[in-house]
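> Okay, here's the structure, questions in a sec.
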Amino acid sequence: MFMRKIGVAAAAVAGMAMLSAPASAEETFITIGTGGQTGVYYQVGGAVCRLVNRGTEDHGIKCTHTTGGSVDNINGLRNGDLDFGVAQADWQYHAYNGTAPDTFPDGAYKDLRAVFSVHPEPFTVVARADSGISSFEDLVGKRVNVGNPGSGARATMEVVMEAMGWTMDDFSLASELKSAEQAAALCDNKIDVFVFTVGHPSGTMEEAATTCDVNFIPVQNEAIDGLVQEHPYYSYATIPAGMYRGQDEDVTVFGVGATFVSNTDASEDTVYHVVKAVFDKFDRFRRLHPAFANLQKEKMITNNLSAPLHDGAAKYYKEAGLM
0 MFMRKIGVAA AAVAGMAMLS APASAEETFI TIGTGGQTGV YYQVGGAVCR
50 LVNRGTEDHG IKCTHTTGGS VDNINGLRNG DLDFGVAQAD WQYHAYNGTA
100 PDTFPDGAYK DLRAVFSVHP EPFTVVARAD SGISSFEDLV GKRVNVGNPG
150 SGARATMEVV MEAMGWTMDD FSLASELKSA EQAAALCDNK IDVFVFTVGH
200 PSGTMEEAAT TCDVNFIPVQ NEAIDGLVQE HPYYSYATIP AGMYRGQDED
250 VTVFGVGATF VSNTDASEDT VYHVVKAVFD KFDRFRRLHP AFANLQKEKM
300 ITNNLSAPLH DGAAKYYKEA GLM
């Protein structure tokens, strides 16, 4: 009888455990590929995860994010290391269409899916005030940080260099520092200038502008005109006067847009709930970083999206009356 009582008790405990098990058993863990911690991509991933994780009890999804860059993030989706990623609109286009074989040697990535677009990303050029650089053409012969391999900024710089007819040998130094390292390198006089495709305001730009005297260099010439005219994912952009210390005038550059992407491996339900977490709390999302302040839902589901929309995202947008 005593043994039977223990058995009944054990069964009761087991039953209670089973009642509490489904929440953890049904949890889905997702990872978002972002960018350097001083860039806006990192903030996008953090903001999305923050909103997703607030609703874990309801939908069972837990979100984390990691650093990387546009190209690394798309490759991470392709090889199964990531579930979502932030990527420049041009690299979303090239990856899906297979139009950048040097960057994506595996060919067109037809399983790539768009989820929504985020903030605009001007191609920004920051030079030491004493570097003698006042135009983009002045980068020739200077110490230039071209960006780290795997980042969208580096890949876009390579596109620009080709349009300008430049090679790395045209610079006295072509460094490959990560975004978090370049402001300090500039102000320590280890480089003369860096290029960074990034949303504004940017922590990297603020660090550089407050630590030393810098100039923001316009990027507008015949070669850039050609890029903007030939490719739908490029457009001219303006960095408004007063954005950073010492920047007293508007600066005209060209740029792309940041996009949030996934692939066909991500379930419709998972993508639906990730999008719902952001768009149902849209005002909260826009307050999480100044670069998000002017985002509009209607534009986020159409602008800069060159891969097909994920079914889970489309389901939410239709339910919300956005499409």
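Note that numbering that gives the first Met the number 0 numbers the sequence shown so that position 52 is 51, with each residue one more than the last. Note that the Cβ used here is the ideal one computed from N, Cα and C, for glycine as well.
#1: Contact between the segment 57 to 70 and the segment 243 to 251 is defined here as three or more beta-carbon pairs at a separation below 8 angstroms; is this criterion met?
#2: Could you check which residue in V85, A312, N214 and G320 has the C-alpha nearest to that of F135?
#3: Does DSSP classify L138 as helix, strand or coil?
#4: Only counting the same chain, and skipping five residues up and downstream in sequence, which positions put a Cβ closer than 7 angstroms to that of L304?
#5: Count the other C-beta atoms from every protein chain shown that fall within 10 angstroms of the C-beta of V47, then say buried if there are 16 or more, exposed otherwise.
#6: For the putative contact between A236 and T210, defined by C-beta atoms under 8 angstroms, what is the C-beta separation to the nearest angstrom?
#7: Could I get the ranges of all uninterrupted alpha helix (DSSP H) runs contained in the segment 124 to 189, with 4 residues as the minimum, in chain order?
#8: Take S171 and list the residues in its own chain whose beta-carbon comes closer than 8 angstroms to its own, dropping the five residues that flank it on each side.
#9: Which of helix, strand or coil does DSSP assign to C62?
#10: For G146, I'd like the list of residues in its chain whose CB is within less than 6 angstroms of its CB, leaving aside the five on either flank, ordered along the chain.
#11: For G106, tell me which candidate among A126, G131 and R77 has the shortest Cα-Cα distance.
#12: Does the Cβ-Cβ distance between E120 and V227 come in under 8 angstroms?
#13: What did DSSP end up calling Y315 once you bin it into helix, strand or coil?
#14: Quick one: Cα of T269 to Cα of A88, how far?
#15: For T269, which three-state DSSP category applies?
#16: What do you reckon, are the CB atoms on S218 and F122 nearer than 8 angstroms?
#17: Distance, Cα to Cα, F281 vs Y95?
#18: Quick one: which unbroken alpha helix (DSSP H) runs of 4-plus residues sit fully inside the segment 85 to 129? Chain order, please.
#19: Are the CB atoms of Y315 and F278 nearer to each other than 8 angstroms?
#20: Could you please give the first and the last residue of the uninterrupted alpha helix (DSSP H) stretch that includes S69?
#21: So what's Y40 in DSSP terms, helix, strand or just coil?
#22: Does DSSP put T324 in a helix, in a strand, or in coil?
#23: Closest to F284 by CA distance: which of T102, H230 and G45 is it?
#24: Cα separation between F323 and D129?
#25: Assuming V70 and G32 form a contact by the criterion Cβ under 8 angstroms, report the distance between their Cβ atoms to the nearest whole angstrom.
#26: Can you name the start and end residues of the alpha helix (DSSP H) that A290 belongs to?
#27: By the three-class DSSP mapping on this structure, what secondary structure does N52 have?
#28: Identify which residue in T27, V43, D247 and A207 has its Cα closest to the Cα of A292.
#29: Tell me whether R53 is buried or exposed, calling it buried when 16 or more other Cβ atoms sit within 10 Å of its Cβ.
#30: Does DSSP put G323 in a helix, a strand or coil?
#31: Using 10 angstroms around the beta-carbon of F28, count the other beta-carbons present and answer buried if the total reaches 16, otherwise exposed.
#32: Should S201 and G35 be called a contact, given that it needs their Cβ atoms to be closer than 8 angstroms?
Working from what's here:
#1: Contact annotation: the segment 57 to 70 does not touch the segment 243 to 251, with fewer than three C-beta pairs closer than 8 angstroms.
#2: That would be N214, whose Cα lies nearest to the Cα of F135.
#3: Looking at L138 - three-state DSSP - the assignment turns out to be helix.
#4: When the five nearest sequence neighbours on each side are left out, the beta carbons in the same chain lying within less than 7 angstroms of the beta carbon of L304 are those of A113, S116 and T258, in order along the chain.
#5: With 16 or more Cβ atoms within 10 Å of its Cβ, V47 is classed as buried.
#6: Contact check for A236 and T210: beta-carbon distance about 25 angstroms, past the 8 angstroms limit, so the pair fails to qualify.
#7: List check, alpha helix (DSSP H) in window: 151 to 163 and 178 to 186.
#8: Excluding the 5 residues flanking it on each side, S171 has same chain C-beta neighbours closer than 8 angstroms at G140, K141 and R142, in chain order.
#9: Strand, per DSSP.
#10: Here the set comprises A152, R153 and M156.
#11: Nearest of A126, G131 and R77 to G106, Cα basis: R77.
#12: For E120 and V227, no; Cβs fall outside 8 angstroms.
#13: Three-state DSSP puts Y315 in a helix.
#14: Their Cα atoms are separated by approximately 23 angstroms.
#15: Reduced to three states, the DSSP call for T269 is helix.
#16: The identity of residue 218 in the sequence shown is Val, whereas the question assumes Ser. Going by C-beta atoms, V218 is nearer than 8 angstroms to F122.
#17: Each residue's CA atom was taken as its position, placing F281 and Y95 some 28 angstroms apart.
#18: Fully enclosed alpha helix (DSSP H) runs of 4 or longer: 88 to 96.
#19: Taking 8 angstroms as the Cβ cut-off, Y315 and F278 qualify as a contacting pair.
#20: Counting along the chain, the alpha helix (DSSP H) containing S69 begins and ends at S69 to R77.
#21: Helix.
#22: Since the first residue shown for the chain is 0 and the last is 322, residue 324 is missing from the structure and cannot be characterised.
#23: The shortest C-alpha separation from F284 is found at G45.
#24: Since the first and last residues shown for the chain are 0 and 322, residue 323 lies out of range.
#25: V70 to G32, Cβ: 10 angstroms. No contact.
#26: Per DSSP, A290 belongs to no alpha helix (DSSP H) and is neither H nor E.
#27: If DSSP states are grouped into helix, strand and coil, N52 belongs with the helices.
#28: For the residues T27, V43, D247 and A207, the minimum Cα distance to A292 belongs to V43.
#29: Around the C-beta of R53, fewer than 16 other C-beta atoms lie within 10 Å, and the residue is accordingly described as exposed.
#30: Any question about residue 323 goes unanswered here, given that the chain covers just 0 to 322.
#31: Exposed, by the Cβ-count rule.
#32: No Cβ-Cβ contact shorter than 8 angstroms links S201 with G35.
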